[in-house]
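Here's the structure we're looking at; comments come further down.
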Amino acid sequence: MSRSWTIIERRGKAMSRKLKPVSPGEMLAEEFLKPLGMSNYRLAKEIGVPAQRIGDIIAGRRGITADTDLRLCRFFGLSDGWWLRLQADHDTEIARVGLVKTLAKIKPWASSPGRKAAA
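For what it's worth, the numbering used here labels the leading residue of the sequence shown as 16, then goes sequentially.
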């Protein structure tokens, strides 16, 4: 969903720089609540969850759960799992950045010399 790279053109040269992945909370606040002029409290009441839960998601202190996903998807007319997929994409990108050196040392099993892929 979110991309961690952006290309910037400066004086005819393409440059890339890292951007922080967009969290589900940022997406909820900026792309859903703000355009509707809706408060965290109002959303919480509409979907039947504590306001603290919505506040924590937006602040990045809490991730999206299956329960919250189903409620948000129903309310905003999205397919079930939409918010969970966004959360998984976000978590994967954060992990990828944190594990870049470790992952570089891991050789895929099938491409290792003398190893055969499992049948």
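Using N, Cα and C, we set each Cβ at its ideal position, and we do this for glycine too.
As the structure is a prediction and not an experimental result, all values here were calculated from the model.
Does the separation of the CB atoms of residue i and residue j fall below 9 Å?
| i | j | result |
| --- | --- | --- |
| ASP106 | GLY78 | yes |
| LEU99 | ALA110 | no |
| GLU108 | PRO50 | no |
Distance, Cα to Cα, residue i vs residue j?
| i | j | result |
| --- | --- | --- |
| ILE137 | LEU43 | A query on residue 137 cannot be resolved here, the shown segment of the chain reaching from 16 to 134 and no further. |
| LEU101 | PRO39 | 6 Å |
| ILE73 | GLY96 | 18 Å |
| LYS122 | GLU45 | 40 Å |
| GLY52 | LEU34 | 27 Å |
Give every residue of the same chain whose Cβ lies closer than 7 Å to the Cβ of residue i, excluding the five residues on either side of it in the sequence, and list them in chain order.
| i | result |
| --- | --- |
| PHE91 | PHE47 |
| PRO65 | ALA59 |
| GLY75 | SER38, GLY40 |
| ILE69 | ASN55, LEU58, ALA59 |
Does the beta-carbon of residue i have 16 or more other beta-carbons within 10 angstroms, so that it is buried, or is it exposed?
| i | result |
| --- | --- |
| SER126 | exposed |
| ASP84 | buried |
| PRO128 | exposed |
Run the proximity test for residue i: is its beta-carbon closer than 8 Å to any non-hydrogen atom belonging to the ligand HEM?
| i | result |
| --- | --- |
| GLY52 | As presented, the structure is devoid of all ligands, the ligand HEM included, so that no description of it is given. |
Taking 6 Å as the limit between beta carbons, can you name the residues of its chain near residue i, skipping five residues before and five after?
| i | result |
| --- | --- |
| ARG86 | ILE62 |
| ASP71 | ARG77 |
Apart from the five residues just before and just after residue i, which ones in its own chain have a Cβ nearer than 8 Å to its Cβ?
| i | result |
| --- | --- |
| LYS120 | none |
| LEU93 | LEU87 |
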